Amino acid sequence: MTLYFTKEHEWLRVEGETAIVGITKHAAEELGELVFVEARDAGTVVQAGESIAVVESVKAASDIYAPVDGEVLDNNPQLSDDPARVSSDPEGEGWIVKFRLSNPDQLESLMDADAYAAFIA
Numbered sequence: 001m002t003l004y005f006t007k008e009h010e011w012l013r014v015e016g017e018t019a020i021v022g023i024t025k026h027a028a029e030e031l032g033e034l035v036f037v038e039a040r041d042a043g044t045v046v047q048a049g050e051s052i053a054v055v056e057s058v059k060a061a062s063d064i065y066a067p068v069d070g071e072v073l074d075n076n077p078q079l080s081d082d083p084a085r086v087s088s089d090p091e092g093e094g095w096i097v098k099f100r101l102s103n104p105d106q107l108e109s110l111m112d113a114d115a116y117a118a119f120i121a
């Protein structure tokens, strides 16, 4: 399992050819408690930089972007009843989508945990 981060404050946990995507703890703190999450449907093919979800908090609505190219396999079913789970556990049970990587070489352009920590410092 390898963890990557984007400048848009998404995290990507890679397990083989599958990736799980969510927002970072930093992003969750900036947004505040989420009240709505809507993710792309399974089977949707996305390119890096395309919106894969929308999250809304009492402060703002934000798009969540695909860090790399892939196909959405699933979205977190718990978020329809409990969108605040993203706020309370953004880098764990608050994951947003799971997808299949179509170009794993794109992972090289993402940050590791140390680089992300330096980025938000």
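Numbered per full-length UniProt numbering, the sequence shown spans residues 1 to 121.
All C-beta atoms in this analysis are idealised placements derived from N, C-alpha and C, irrespective of residue type, glycine included.
These numbers were taken from a predicted model, which means no experiment stands behind them.
Check                                                                                                                                                                          : Outcome
So is Gly92 buried or exposed if we call it buried at 16+ other beta carbons inside 10 Å?                                                                                      : exposed
Mapping the DSSP letters down to three states, classify Ile120 as helix, strand or coil.                                                                                       : helix
DSSP three-state call for Ala27: helix, strand or coil?                                                                                                                        : helix
Under the DSSP definition of a beta bridge, which residues are partnered with Arg100?                                                                                          : Thr18, Glu71
Quick one: residues in its chain with C-beta nearer than 8 Å to the C-beta of Asn75, no 5 flanking neighbours on either side, listed in chain order?                           : Ala39, Arg40, Asp41, Ala42, Ala53, Ile96, Val97, Lys98
Over what stretch of residues does the alpha helix (DSSP H) that includes Val86 continue unbroken?                                                                             : 84 to 88
Are the Cβ atoms of Val35 and Glu50 separated by less than 8 Å?                                                                                                                : no
Count the other C-beta atoms from every protein chain shown that fall within 10 angstroms of the C-beta of Ile120, then say buried if there are 16 or more, exposed otherwise. : exposed
Excluding five sequence neighbours on each side, which residues of the same chain lie with their C-beta closer than 8 Å to the C-beta of Glu10?                                : Val21, Gly22, Ile23, Thr24, Ala27, Ile64, Tyr65, Pro67
What's the C-alpha gap between Leu101 and Ala19?                                                                                                                               : 7 Å
Would you list the one or two residues that DSSP bridges to Ser57?                                                                                                             : Leu34
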